[in-house]
Amino acid sequence: MSGDGATEQAAEYVPEKVKKAEKKLEENPYDLDAWSILIREAQV
Numbered sequence: 096m097s098g099d100g101a102t103e104q105a106a107e108y109v110p111e112k113v114k115k116a117e118k119k120l121e122e123n124p125y126d127l128d129a130w131s132i133l134i135r136e137a138q139v
């Protein structure tokens, strides 16, 4: 069963810019630049 977690991580690659945007939103949920990055990535 431990192999399933590794497969899920490999299948769902998260770009560094998305990680940074999520971190910025934790500090400031009204950051429009960070939301813009997340929305753009979600549409791809």
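Add 95 to a position in the sequence shown, counting from 1, and you land on the number used in the numbering used here.
In this text, a Cβ means the ideal position worked out from N, Cα and C, and glycines have one as well.
Because the structure is a prediction, the values reported are computed rather than measured.
Please report the residue range of the alpha helix (DSSP H) in which Asp128 lies.
-> Residue mapping note: residue 128 aligns to position 33 of the sequence shown, counting from 1. It spans Leu127 to Gln138 - the alpha helix (DSSP H) in which Asp128 sits, taken as one unbroken run.
Could you give the residue range of the alpha helix (DSSP H) that holds Glu107?
-> Residue numbering aside, residue 107 sits at position 12 when the sequence shown is read from its first letter. Unbroken run through Glu107: none, as it is neither H nor E.
Could you round the C-beta distance between Ala129 and Ala116 to whole angstroms and report it? I think they count as a contact, below 8 Å.
-> Within the sequence shown, the letter at position 34 stands for residue 129. Within the sequence shown, the letter at position 21 stands for residue 116. Correct: roughly 4 Å between the Cβ atoms.
Report buried or exposed for Ile134, applying the criterion of at least 16 other Cβ atoms within 10 angstroms of its Cβ.
-> One-based indexing of the sequence shown puts residue 134 at position 39. Classification of Ile134: exposed, given that the 10 Å Cβ count is below 16.
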